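A.B. asks: Under our numbering, the residues of the sequence shown are numbered 90 to 573, in order.
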Amino acid sequence: MTDDESPIRIAVIGSGPAGFYAAGHLLKDAAGRFEVDMLERLPTPWGLVRSGVAPDHPKIKSVTRIYEKTATHPRFRYFGNVTFGEHVSREDLLERYHAIVYATGSPADRPLGIPGEDLPGSHAATEFVGWYNGHPDHTDLELDLLSARRAVVIGNGNVALDVARMLVLDPSELAPTDTADHALEVLAASRVDEVVVVGRRGPAQAAFTNPELLELGELADADVIVDADELERALTVADPDAEADVTARRNVEILRGYAAKEPSGARKRIVLRFLLSPVAFLPDEHGRLGAVELVRNELVPGPSGGLRAQATDERETITAGLAFRAIGYRGIPLPDVPFDERGAVISNEGGRVTDPDTGARLAGEYVVGWIKRGPSGVIGTNKKDAQETVNAMLADLSSHAASNGGPPAHADGGPSAAKAAAHVPGDPDPASVEQLLRARQPDLVTYSGWEAIDRHERSLGESAGRPRVKLTRIDELLRVAADE
Ligand code: NAP
90 MTDDESPIRI AVIGSGPAGF YAAGHLLKDA AGRFEVDMLE RLPTPWGLVR SGVAPDHPKI
150 KSVTRIYEKT ATHPRFRYFG NVTFGEHVSR EDLLERYHAI VYATGSPADR PLGIPGEDLP
210 GSHAATEFVG WYNGHPDHTD LELDLLSARR AVVIGNGNVA LDVARMLVLD PSELAPTDTA
270 DHALEVLAAS RVDEVVVVGR RGPAQAAFTN PELLELGELA DADVIVDADE LERALTVADP
330 DAEADVTARR NVEILRGYAA KEPSGARKRI VLRFLLSPVA FLPDEHGRLG AVELVRNELV
390 PGPSGGLRAQ ATDERETITA GLAFRAIGYR GIPLPDVPFD ERGAVISNEG GRVTDPDTGA
450 RLAGEYVVGW IKRGPSGVIG TNKKDAQETV NAMLADLSSH AASNGGPPAH ADGGPSAAKA
510 AAHVPGDPDP ASVEQLLRAR QPDLVTYSGW EAIDRHERSL GESAGRPRVK LTRIDELLRV
570 AADE
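1. What is the DSSP secondary structure of S366, counted as helix, strand or coil?
2. For my contact list, G141 and V218 are in at a C-beta cut-off of 8 Å; report their separation, rounded to the angstrom.
3. Candidates G121, N170, D402 and D267: which alpha carbon is nearest H162's?
4. Can you check whether the CB of V284 is closer than 9 Å to the CB of K76?
5. Count Cβ pairs between the segment 308–320 and the segment 344–357 that sit closer than 8 Å; are there 3 or more?
6. Would you report the Cα separation of L303 and I359, rounded to the nearest angstrom?
7. Only counting the same chain, and skipping five residues up and downstream in sequence, which positions put a Cβ closer than 7 Å to that of G515?
8. Could you pull the start and end residues of the alpha helix (DSSP H) that F109 belongs to?
9. How is the alpha helix (DSSP H) around G538 delimited, first residue to last?
10. Who are Q399's beta bridge partners in DSSP?
11. Secondary structure at F428, three-state DSSP: helix, strand or coil?
12. With distance defined between alpha-carbon atoms, name the residue in I542, D145, R462 and D543 nearest to L308.
13. Please report the residue range of the beta strand (DSSP E) in which D564 lies.
14. Given a threshold of 16 other Cβ atoms within 10 Å of its Cβ, counted over all protein chains shown, does D402 qualify as buried or as exposed?
15. Do you know how far the Cα of N386 is from the Cα of L364?
16. Judging by CA-CA distance, which residue of N245, V241 and A311 is the nearest neighbour of D259?
17. Helix or strand or just coil, what does DSSP make of F165?
18. Just verifying my parser: in three-state terms, what is the DSSP assignment at A214?
19. Is L340 near the ligand NAP, in the sense that its beta carbon is under 8 Å from a heavy atom of that ligand?
20. Return the first residue and the last residue of the alpha helix (DSSP H) that T478 is part of.
21. In chain order, what are the residue ranges of uninterrupted beta strand (DSSP E) at least 3 long that sit wholly in the segment 181–228?
22. DSSP three-state call for V138: helix, strand or coil?
23. With hydrogens ignored, establish whether the beta-carbon of H146 is closer than 8 Å to any heavy atom of the ligand NAP.
24. Could you check whether the Cβ of R527 sits closer than 9 Å to any Cβ belonging to chain D?
25. Cβ of Y418 versus every heavy atom of the ligand NAP: is any distance shorter than 8 Å?
26. Would you kindly work out how many angstroms separate the C-alpha atoms of P196 and A100, rounded to a whole number?
27. Could you give the first and the last residue of the continuous alpha helix (DSSP H) run that contains R322?
28. Could you tell me if S436 is buried or exposed, where buried requires 16 or more neighbouring beta carbons within 10 angstroms of its beta carbon?
29. Considering only DSSP beta bridges, list what G394 is partnered with.
30. Quick one: any contact between the segment 395–414 and the segment 377–384, if contact means 3 or more CB pairs under 8 Å?
31. Can you tell me where the beta strand (DSSP E) with R450 in it begins and where it stops?
32. Whether or not the segment 212–230 and the segment 439–459 are in contact is what I'm after, with contact meaning three or more pairs of Cβ atoms, one per stretch, closer than 8 Å; do they touch?
33. Use the C-beta contact count for L411: other C-beta atoms within 10 angstroms, 16 or more gives buried, fewer gives exposed.
34. Please name the residue or residues paired with R404 in a DSSP beta bridge.
35. Under the assumption that L320 contacts L344 (Cβ atoms under 8 Å), give the Cβ distance between them as a whole number of angstroms.
36. Does the separation of the CB atoms of G376 and P200 fall below 9 Å?
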């Protein structure tokens with residue numbers, strides 16, 4: 090990439106965990122060769138740690154301390170409020186950086202593709218999660234928690250559990266959190282007292298992790314209801330994968346514990362149901378969601394191992410004025426960047442961006458996190474994932490250096506690989522890119538701008554014993570950032 094001792098300049102697009110782990114790995118390079126600029130669409134950093142992790146999980150959010158260390162590194166710069174494809178193009182960045190690392194995550198929801206999905210009262214979990222976490226895109230979500238007593242959550246992953254828990258948490262449990270103020274108010278007045286979480290497969294195939302399933306049993310004012318007969322029926326088909334999986338085995342134990350427990354008479358309930366798929370969302374007399382029609386499934390061997398859900402003739406209708414589909418997130422394409430529509434990821438091989446038609450590598454373009462591998466794993470998974478990509482970049486660099494008479498190439502390198510991997514920017518001057526960004530986005534937010542927002546939010550939270558009070562509108566965030 091570089092032929093001399095000048096720094097190797099990297100642009101990371103997106104400031105969530107994957108982007109920060111990639112930046113952190115690069116800045117740890119012993120030779121100190123890298124300079125990292127991070128571009129973020131929002132004024133605020135941390136991606137899903139700020140806008141995805143549930144507010145009652147503050148310990149998980151403390152991971153930002155690691156990212157803060159990276160952010161204050163002298164060879165790191167943060168440019169917030171910059172939208173890739175709008176304020177700056179792929180071409181602009183290739184002209185100014187030796188490499189781009191895409192770390193834009195999976196911001197969209199996956200639709201179910203069934204009738205009635207768009208009825209008022211039916212929501213994507215992504216928008217609900219963004220709303221209670223103060224994501225500026227979702228501040229104005231209209232959520233009616235007064236008309237409905239029952240909500241149905243579709244999906245058996247951790248997002249489904251977050252949604253269910255947030256709907257039944259007692260105001261006293263929400264009060265000390267950083268839940269957005271607009272959501273605190275609506276959730277405190279909520280009349281929802283039953284949340285039915287529906288899995289299309291059985292308890293042994295659920296994607297929940299153990300601590301998340303266990304904490305349902307610790308809620309202040311909600312019982313967890315599991316029907317023992319339904320649970321055991323769903324466990325009759327042997328699943329060698331689940332039997333070999335410690336998490337799945339423990340999930341089944343926890344669920345059996347819930348099934349055996351007498352309800353305490355709490356005001357609210359989370360009901361966990363299995364082997365059911367929604368087939369239609371049905372309107373009430375006002376044209377809002379009134380019920381969810383479901384088909385009962387049986388488990389049959391899947392085409393690539395494991396068990397899949399197969400519909401039977403049996404149907405069931407659950408009256409519900411609210412529904413949340415929590416069936417996974419989905420990546421969206423970035424302007425001019427190759428995209429694999431089927432996987433909803435940026436086409437890549439181990440983090441090296443590839444042309445989806447020819448499979449050829451694109452020099453100087455890399456990808457990390459959910460937009461690389463799809464929306465799976467916990468925050469820490471992104472550390473290893475980013476390391477794989479950074480290792481690929483280091484190998485490409487080493488190959489290129491070798492082909493130019495430098496030290497020996499990496500084992501999978503060689504002159505032709507090096508040629509494919511090499512990208513030499515025309516204008517790698519750090520001042521030039523900042524100038525360009527400031528010209529295109531006068532409301533650029535630097536890291537000190539974010540620090541001003543952070544201080545402001547924390548000070549607002551202090552008197553109420555909350556970690557922070559989030560600013561949820563772009564204009565407010567920009568005003569505070571500009572005051573620094
Ligand atoms: P997920 O773990 O992939 O779960 C998606 C669920 O949706 C699965 O139960 C899946 O069932 C179901 N599903 C998919 N398509 C469906 C359909 N058409 N109809 C009915 N059900 C369908 O996704 P997630 O819950 O969005 O979580 C994303 C990632 O973030 C996960 O790795 C998760 O662990 C992580 N996360 C972690 C935490 C935490 O650590 N506290 C919190 C939130 C999220 P099948 O298995 O049958 O496909």
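Every residue, glycine too, gets a C-beta built ideally from N, C-alpha and C.
Being a predicted model, the structure only gives us computed values, none of them experimental.
C.D. replies: Short version:
1. Along the sequence shown, one-based indexing puts residue 366 at 277. Reduced to three states, the DSSP call for S366 is strand.
2. In the sequence shown, counting from the first residue as 1, residue 141 sits at position 52. In the sequence shown, counting from the first residue as 1, residue 218 sits at position 129. Contact holds; Cβ gap of about 6 Å.
3. Indexing the sequence shown from 1 puts residue 162 at position 73. Of G121, N170, D402 and D267, the residue nearest in Cα terms is G121.
4. What the structure shows of the chain is the stretch from 90 to 573, and residue 76 is not part of that stretch, so it cannot be assessed.
5. yes
6. Here residue 303 refers to the residue found at position 214 of the sequence shown. Here residue 359 refers to the residue found at position 270 of the sequence shown. Whole-angstrom Cα-Cα distance: 13 Å.
7. As a working note, residue 515 is residue 426 in the sequence shown. Excluding sequence neighbours, G515 sits near E184.
8. Position 20 of the sequence shown, counting from 1, holds the residue named residue 109. P106 to L116 is the span of the alpha helix (DSSP H), which, as asked, contains F109.
9. On the sequence shown, residue 538 is found 449 positions in, with the first residue counted as 1. Taken as a continuous stretch (DSSP letters only), the alpha helix (DSSP H) holding G538 covers Y536 to E551.
10. Position 310 of the sequence shown, counted from the start, is the residue given in the question as residue 399. According to DSSP, which records beta bridges pairwise, Q399 is partnered with E387.
11. Reading the sequence shown from its first residue, position 339 is the one you call residue 428. In the structure shown, F428 sits in a strand (DSSP, three-state: E or B).
12. Within the sequence shown, numbered from 1, the residue matching residue 308 stands at position 219. Closest by alpha carbon: D145.
13. Numbered from its first residue, the sequence shown carries residue 564 at position 475. Not the beta strand (DSSP E): D564 falls in the alpha helix (DSSP H), residues I563 to A571.
14. The sequence position of residue 402 within the sequence shown is 313, counting from 1. When all chains shown are included, D402 counts as exposed.
15. Numbered from 1 along the sequence shown, position 275 holds the residue referred to as residue 364. Numbered from 1 along the sequence shown, position 297 holds the residue referred to as residue 386. Going by the C-alpha atoms only, they are around 5 Å apart.
16. Taking the first residue of the sequence shown as 1, we reach residue 259 at position 170. When each option's Cα is compared against that of D259, the closest is A311.
17. If you number the sequence shown from 1, residue 165 lands on position 76. F165: strand per DSSP, three-state reduction.
18. As a first step, residue 214 is located in the sequence shown; it is residue number 125 there, counting from the start. DSSP places A214 in helix when its eight states are reduced to three.
19. Here residue 340 is taken as the residue at index 251 of the sequence shown, counted from 1. Checking the sequence shown, residue 340 turns out to be Asn, not Leu. Not under cutoff, so the answer is no.
20. Taking the sequence shown and counting its residues from 1, the one referred to as residue 478 is at position 389. Counting along the chain, the alpha helix (DSSP H) containing T478 begins and ends at T470 to S492.
21. 188–191 and 211–213
22. Taking the sequence shown and counting its residues from 1, the one referred to as residue 138 is at position 49. If DSSP states are grouped into helix, strand and coil, V138 belongs with the helices.
23. Position 57 of the sequence shown, counted from the start, is the residue given in the question as residue 146. At least one heavy atom of the ligand NAP is nearer than 8 Å to the Cβ of H146, so yes.
24. Looking at the structure shown, chain D is missing, and only one protein chain is on hand.
25. For the purposes of this step, residue 418 is taken as the residue at position 329 of the sequence shown. Because some heavy atom of the ligand NAP lies under 8 Å away, the Cβ of Y418 counts as near it: yes.
26. Residue numbering aside, residue 196 sits at position 107 when the sequence shown is read from its first letter. Residue numbering aside, residue 100 sits at position 11 when the sequence shown is read from its first letter. Approximately 20 Å between the Cα atoms of the pair.
27. Residue 322 sits at position 233 when you count from the first residue of the sequence shown. Per DSSP, R322 belongs to the alpha helix (DSSP H) from A317 to R322.
28. The sequence position of residue 436 within the sequence shown is 347, counting from 1. Counting Cβ neighbours within 10 Å, S436 comes out buried, since at least 16 surround it.
29. Stepping through the sequence shown from its first residue, residue 394 is reached at position 305. G394 is bridged to P392.
30. yes
31. Residue numbering aside, residue 450 sits at position 361 when the sequence shown is read from its first letter. First-last of the beta strand (DSSP E) with R450: R450 to V456.
32. no
33. Position 322 of the sequence shown holds residue 411. Looking at its Cβ environment, which holds 16 or more other Cβ atoms inside 10 Å, L411 is buried.
34. Stepping through the sequence shown from its first residue, residue 404 is reached at position 315. Answer is V384.
35. To locate residue 320, count along the sequence shown from 1; it is residue 231. To locate residue 344, count along the sequence shown from 1; it is residue 255. That pair is a contact at about 6 Å.
36. In the sequence shown, the residue the question calls residue 376 occupies position 287. In the sequence shown, the residue the question calls residue 200 occupies position 111. No, these two residues do not count as a Cβ contact at 9 Å.
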